[in-house]
Structures are given as C-alpha cells and as structure tokens.
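Residues in the sequence shown are numbered from 9 upward in steps of one, following the working numbering. Virtual Cβ for every residue (Gly too), placed ideally from N, Cα, C. Note that this is a predicted model, so its numbers are computed, not measured. Report on one structure; see the data block that follows.
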Amino acid sequence: MAATTSETTRRRRVDIRRNDEVKVITGRDKGKQGRVLRVFPDEGKALVEHVMMSKKHVRPNPQRNVKGGIAEQESKISLSNVMLMCGACGPVRIGHETRGDRKVRICKKCGTTLEK
Ligand SMILES: [Zn+2]
C-alpha cells in the first residue's frame, strides 16, 4: 500500500541513527566527519560530534563547579547535509534490503550492510 503524500511529509523517513559515522557534504562544516550523538527525526536534524560547533558564553557558577568563559557545543545540522559513511566506499547513499525478517540499511555502491 502506498503512503499518501501527506503521510510522507508528516513522517519524514530518517535513515541516520545514533552512533552512525557520517560525513558533512555541504555547508559550513563540509568535509568534516563525526559520530551522530542524537537524531531529531521530526526536525530532520541531528547532532554530530565536533560538527557545527558553536561558541557559548558561560557564566561562572561555583555551586555547580562551572568555570566561566567560552564553551563550545555542537548545534543541529540538517540531515540532508550529511551522508552515512560506508567503511569501504566513504560517504554513500543508503539503500534498503530485507535480510531474513530484518530490514537493514545497505550501501548503494557496494551492497554491504551498514548495520553494526
Ligand atoms: Zn560501500
């Protein structure tokens, strides 16, 4: 059964998961690579380690043992700006395949499963 258009727009398919290794293919941090820390499927965004770092000014808070100054923090990057890494091919498009009763993500280039 085919999904209606409204369903497709409402529930965007997200093929990136936590702990995936991704590469930034466009934008400010193009070329950077990192591990996915968190995915926000509703926004189509993710936090990727060491990618889209933004500086945040922090007030010292002695009670919580926080030193003042500038802290760096990841900010969300659009999932359309990153690609999943295949160990053999590098950044690739994701395909899907059913193995047994499991649906797995595969590399569209070499066909290897991308699940760990
Ligand atoms: Zn591959």
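Cβ pair residue i, residue j closer than 8 Å
{"i": "residue 27", "j": "residue 44", "result": "yes"}
{"i": "residue 58", "j": "residue 42", "result": "yes"}
{"i": "residue 24", "j": "residue 122", "result": "no"}
{"i": "residue 85", "j": "residue 53", "result": "yes"}
{"i": "residue 124", "j": "residue 94", "result": "no"}
{"i": "residue 82", "j": "residue 60", "result": "yes"}
{"i": "residue 89", "j": "residue 22", "result": "no"}
{"i": "residue 104", "j": "residue 113", "result": "yes"}
DSSP beta-bridge partners of residue i
{"i": "residue 55", "result": "46"}
Quiz item: Taking the runs of the beta strand (DSSP E) that are 3 residues or longer, which of them lie wholly in the stretch 61-120?
Solution: 61-66, 77-82, 90-94, 98-100, 102-107 and 110-115
Practice problem: Could you please go through the chain and list the residues whose beta-carbon is closer than 6 Å to any non-hydrogen atom of ligand 1? | Solution: That gives 94, 96, 97, 100, 115, 117, 118 and 120.
Quiz item: In the stretch 24-49, which residue ranges form an unbroken beta strand (DSSP E) of at least 3 residues, counting only runs that do not cross its ends?
Solution: 29-32 and 41-48
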